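*Asks:*
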Amino acid sequence: MSRLLARKIKASGYKPDLIIAIGRGGYVPGRLVSDFLLFSDLTSIKVEHYLRGAEMKAEARIRFPLSVDISGKKVLIVDDVTDTGDTLKLSIGYVQSLNASEIRTAVLQHKTCSSFVPDFYGQKIIRWRWIIYPWARYEDLAGFTKRILEDGAIDVSRIIYELKDRHGLEVGEKEILEILHDLAERKEIEKTEVDNLVKWQVRMK
Numbered sequence: 001m002s003r004l005l006a007r008k009i010k011a012s013g014y015k016p017d018l019i020i021a022i023g024r025g026g027y028v029p030g031r032l033v034s035d036f037l038l039f040s041d042l043t044s045i046k047v048e049h050y051l052r053g054a055e056m057k058a059e060a061r062i063r064f065p066l067s068v069d070i071s072g073k074k075v076l077i078v079d080d081v082t083d084t085g086d087t088l089k090l091s092i093g094y095v096q097s098l099n100a101s102e103i104r105t106a107v108l109q110h111k112t113c114s115s116f117v118p119d120f121y122g123q124k125i126i127r128w129r130w131i132i133y134p135w136a137r138y139e140d141l142a143g144f145t146k147r148i149l150e151d152g153a154i155d156v157s158r159i160i161y162e163l164k165d166r167h168g169l170e171v172g173e174k175e176i177l178e179i180l181h182d183l184a185e186r187k188e189i190e191k192t193e194v195d196n197l198v199k200w201q202v203r204m205k
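Each residue of the sequence shown is one higher than the last, beginning at 1 in full-length UniProt numbering.
#1: With valine 104 as the anchor, note down where its beta strand (DSSP E) starts and where it stops.
#2: Am I right that proline 118 and alanine 136 are in contact with their C-beta atoms under 8 Å? What's the rounded C-beta distance?
#3: Is it right to say histidine 110 is buried, meaning 16 or more other beta carbons lie within 10 angstroms of its own, or is it exposed?
#4: Under 8 Å, do leucine 88 and serine 71 count as touching if we go by C-beta distance?
#5: Need the endpoints of the beta strand (DSSP E) that alanine 21 sits in, please.
#6: Per DSSP, what are the beta-bridge partners of tryptophan 200 in this structure?
#7: Can you give the beta carbon distance from isoleucine 154 to tryptophan 200, rounded, assuming they're within the 8 Å contact cut?
#8: Check for me: the alpha helix (DSSP H) holding leucine 149 runs from which residue to which?
#9: Please identify the residue among Arg104, Asp80, Gly85 and Thr82 whose C-alpha is closest to the C-alpha of lysine 73.
#10: Can you tell me which of Glu48, Leu5 and Val47 puts its alpha carbon nearest to the alpha carbon of serine 34?
#11: Between tyrosine 79 and leucine 149, what straight-line distance do the alpha-carbon atoms span, to the nearest angstrom?
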């Protein structure tokens, strides 16, 4: 899909002076698109909007701004997906404030529910769904798992069932255990043992 996106950008005749990937979702697409364009001037900004597992912040905000002068430069902003459109609108406003001469936007997948339509996209998504990209799988599974545990203490087999039932996700026991141990290490969840059955739940504050 990154190759297809790069071909569309190339076919348009737009030649940026700088590609800006929006972190964190756009880091991998930004790198791949720049590779397929044989273009090496790639940098990034970090915009926070979604957290783990489709949990949204109240509003998008720039977390880590640019550290280079882009005044007078033609810029291509790359992200993974347009969902609400807020991330790209914020990014464009920010880049405009730095006096870029021209700005175009590109995403792998554009959801038609988005309030913003990018200049380039690899695929159009008509019916809204949450998309799990390979580079975000672990984070999203952790977010969905923690949300399931907010309903109460359950064992691993039940977590696996709930991930399948609620989200259509096929996840093995080994991967879930790794996620559970990582969440516990971060003190977000805790393990209990009831009648010789290990259960997990969100850590009580």
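Beta carbons are placed, not taken as given, at the ideal position from N, Cα and C, and that holds for glycine.
Since the structure is predicted, the reported quantities are computational estimates derived from the model, not experimental observations.
*Replies:* Taking the coordinates as given:
#1: One detail in the question is off: residue 104 reads as arginine in this sequence, not valine. Segment 102-111, the beta strand (DSSP E) holding arginine 104.
#2: With 8 Å as the limit, proline 118 and alanine 136 do not qualify as a contact, their Cβ atoms being about 19 Å apart.
#3: buried
#4: no
#5: 18-23
#6: Ile154 and Lys191
#7: 7 Å
#8: Its alpha helix (DSSP H) spans residues 137-149.
#9: Distances from the CA of lysine 73 to each of Arg104, Asp80, Gly85 and Thr82 were compared; the closest alpha carbon is that of Arg104.
#10: Leu5
#11: Reading off the sequence shown, one finds aspartate at residue 79, where the question assumed tyrosine. Straight-line Cα distance between these residues: approximately 31 Å.
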